[in-house]
Amino acid sequence: MVTNLFVKDRVAIVGAGMTTFMRRALETPRELAWEAAKMALDQAGLTLKDIDCVVIGSAPDTFDGVHMKGEYLADGSGAFNKPMTRVYVGGGTGVFIPVSAWWHVASGLCRTVLAVGEEKMSPAHPHPQYVFRYIWDPILHRPLEPNLIWIFAMEMRRYMAKCGAKKEDIALVSVKNKRNALDNPAAQLAANITVDDVLKSELLVWPVNELDISPVTDGAAALVITNENVARQVTDSPVWIEGLGFTLENQHWENRELAYPRYLNYAARMAYKMAGIERPWKEIDVAEPYDPFDYKELHHIEGLMLARPCEAWKLLKEGYFDRDGELPTSPSGGLLGVGNPIAAAGVMKVAELFWQLRYEAGKRQVKKPVHRAVANAWGDLMQAGTVIVLGN
Amino acid sequence: MSVQKFPGTKLSAKEMYSLPGLVESSPQAKYEFSAGPTISRFLKGLKEGKILGRRCPRCGRIYVPPRDYCEFCHVPLADWVEVPDTGRVETAVVSYISVKRERLEKPEVVGVIRLDVPGYPEDGYEFAGLFHRICMDPEEAKKDKTIGMKVKARWRPPEQRTGSILDIECFEPVG
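As structure tokens, then:
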């Protein structure tokens, strides 16, 4: 993969906002988008007048239960009478939103972009899981009556078998992230739990128990992304988008190794190359790997080359990924602790790194000095990988 | 600036169901899917008790499930080959919930079978394989030795086959 680095404008994030993440929000999806967008603009010290283009990301329309969600969310996101793009790569959408905003700005097409992610999952009944039925191949998979969790359980089992990790090793991710979320006022599932709590929670699809999984969440998150010129005018501490990557693996997951996320590794290599990073395990100071399931954080740490394949779970046990560890991961609390409103969750991860790189994360601020950070998101059936590298 | 409070209002389940103007809507969408020429032929093979794969003339991969084209070489696939109905368990899980997340009375074992098909490096990243049920005791399935275990397709009797992935009842351990 050859990346053209000769872009017109250097791109920075200058503001971030999000709603509280929660089950059953009173606010409509539009209102959630508006709250997050307004907060991001306020933090940037800008108003809608300053926005040239809007990028909206949202996962399947079937969650919120409205048609053409991008257009539906447009007014809350300040997109009327402006060029508006909606991007969607399943769970990978959250990081794809700032990636898309980047090319709007880097190309010179727009100076300042408002980037908004929203998801309201509570409306789907009896459970949003049923909506995921449509993710499976209609001819070869659906006759087996699969539940969404099967696919993740199969991947987790493969990771356990190949890497020698036990359920209790993996449960530590859930313990860490829910603990990190205690310091996050936006968090839905902050808690001090033990490995035992995870192992004793409801067994859904062995090896996956309920506390291995992120919850059903409503929420929105937004970023203000602009060119260097504007960034220098509005803030002393812009956070630069230094690298990005996005790649797709094929959808036939029954034909490939599930223990290692190649879909992510290609995207990560693309992003690191662009950022001039050769040894991510040394050069990245803080990371927000995508963690809808606890094993997925380990999987993604390895895909992002922050640990060797099959070694993330060993480092986790040593406290390497704790907030005061060598390489803190998910200091926000992650999807497991803060919540998982799909597209908004990825934006939340980028917002967290923005705050970390500006030393604005308050009690969540990691101990070590931070210069460079990476976030990723993942979507569809072990398929879509999106990566962003930030620097201060 | 460290943010202390974020916008948004959480409702309890009770509050939500007593909201003024709460609307319930259930779209009744039904779909009929055609399988396409390649998978149709594969399904016809299942009805005859055969697992069919398709070979790439350029790289030699044999695709199961078959495709119309090679995903790597981007050339049309030509030869059809019957492949063995045996393989090894690549991954296996035990489901205690249904598609709608209700508790199942009897847990079921499902997983991916790496079929004994040539054209791929041993233990390579890519392989010919199927996602299916595995007929075995759930507690046995959780043991380490299940991964890599040899399995064989258990076929439905010919008169019950309909040209569906369910013409294979499941894969079961051999030996």
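Chains B and W supply the protein sequences, listed in that same order.
Following the numbering used here, the numbering of the first sequence begins with 1 at its first residue and continues without gaps.
Following the numbering used here, the numbering of the second sequence begins with 1001 at its first residue and continues without gaps.
Using N, Cα and C, we set each Cβ at its ideal position, and we do this for glycine too.
Tell whether a beta-carbon distance below 9 Å holds between residue i and residue j.
i	j	result
B/A221	B/M18	yes
W/E1090	W/R1061	no
B/G78	B/I97	no
B/G15	B/G45	yes
B/V113	B/C53	yes
B/P207	B/K167	yes
W/R1101	B/Q43	no
B/F152	B/F354	no
B/V286	B/T329	yes
B/T20	B/P126	no
B/S237	B/N392	yes
W/D1116	W/R1154	no
B/R323	B/V366	yes
B/V87	B/L244	no
B/Q188	B/G337	yes
B/L204	W/I1134	no
W/D1167	W/L1046	yes
W/V1151	W/T1086	yes
W/I1165	B/L381	no
B/V11	B/I225	yes
B/D443	B/S201	Because chain B spans 1 through 392 in this model, residue 443 of chain B falls outside it and cannot be assessed.
B/G379	B/G90	yes
W/G1111	W/A1092	yes
B/Q383	B/E249	yes
B/R24	B/D218	yes
B/L73	B/P29	yes
B/K176	B/L316	yes
Assign residue i to one of three DSSP states: helix, strand, or coil.
i	result
W/L1022	coil
W/K1106	strand
B/D50	helix
B/V370	coil
B/H104	helix
B/S393	A question about residue 393 of chain B goes unanswered here, because the residues of chain B that appear run from 1 up to 392.
B/L189	coil
W/G1036	helix
B/N255	helix
B/K273	helix
W/G1119	coil
B/N340	coil
B/A40	helix
W/A1128	coil
B/R158	helix
B/F63	helix
B/V239	strand
W/Y1031	coil
B/L32	helix
B/A124	coil
B/V389	strand
W/T1009	coil
With a threshold of 16 other CB atoms inside 10 Å of the CB of residue i, please say whether the residue is buried or exposed.
i	result
B/N192	exposed
B/K120	buried
W/S1040	exposed
W/L1019	exposed
B/T247	buried
B/T93	buried
B/H104	buried
B/F80	exposed
B/S332	buried
W/C1059	exposed
B/N229	exposed
Tell me, which residues are paired with residue i by DSSP?
i	result
W/L1052	W/E1082
B/R86	B/I56
B/M18	B/A221
B/N209	B/L203
B/W355	Paired residue(s): none; B/W355 is not in a bridge.
B/T329	B/A287
W/W1155	W/I1168
W/Y1069	W/P1076
B/A375	B/E288, B/I388
Mind checking the segment 1013–1025 of chain W against chain B and listing, in chain order, the residues whose C-beta falls within less than 9 Å of any C-beta there?
-> Along the segment 1013–1025 of chain W, going in chain order, the ones with a CB nearer than 9 Å to a CB of chain B are A1013, E1015, M1016, L1019, E1024, S1025.
Compile a chain-ordered list of the residues in the segment 1071–1083 of chain W whose CB is closer than 7 Å to at least one CB of chain B.
-> Across the segment 1071–1083 of chain W, CB contacts with chain B closer than 7 Å involve E1071, in sequence order along the chain.
Residues of the segment 1083–1095 of chain W with a CB closer than 9 Å to any CB of chain B: list them in chain order, please.
-> Residues E1090, T1091, A1092, V1093, V1094, S1095.
Looking at chain W, which residues of the segment 216–250 of chain B have a Cβ within less than 9 Å of any of its Cβ atoms?
-> Listed by position along the chain: D218, G219, A220, N250.
Would you list, in chain order, the members of the segment 1034–1056 of chain W that have their beta-carbon closer than 7 Å to a beta-carbon of chain B?
-> Listed by position along the chain: A1035, I1039.
Name the residues in the segment 350–384 of chain B whose C-beta lies less than 7 Å from a C-beta of chain W; which are they?
-> Against chain W - using a Cβ distance shorter than 7 Å - the residues of the segment 350–384 of chain B are E360, A361, G362.
Between the segment 1150–1171 of chain W and chain B, which residues of the former have CB atoms less than 8 Å from a CB of the latter, in chain order?
-> Identification of residues in the segment 1150–1171 of chain W having a C-beta nearer than 8 Å to some C-beta of chain B yields S1164, I1165, L1166, given in sequence order.
Quick one: which residues of the segment 1124–1136 of chain W get their C-beta closer than 9 Å to a C-beta of chain B? List them in chain order.
-> Residues G1124, Y1125, E1126, F1127, A1128, G1129, L1130, F1131, H1132, R1133.
Proximal residues, the segment 115–145 of chain B versus chain W, C-beta separation under 7 Å = Those residues of the segment 115–145 of chain B that come within reach of chain W (Cβ to Cβ, closer than 7 Å) are P126, H127, Q129, Y130, R133, P138, I139, L140, H141, P143, L144, E145.
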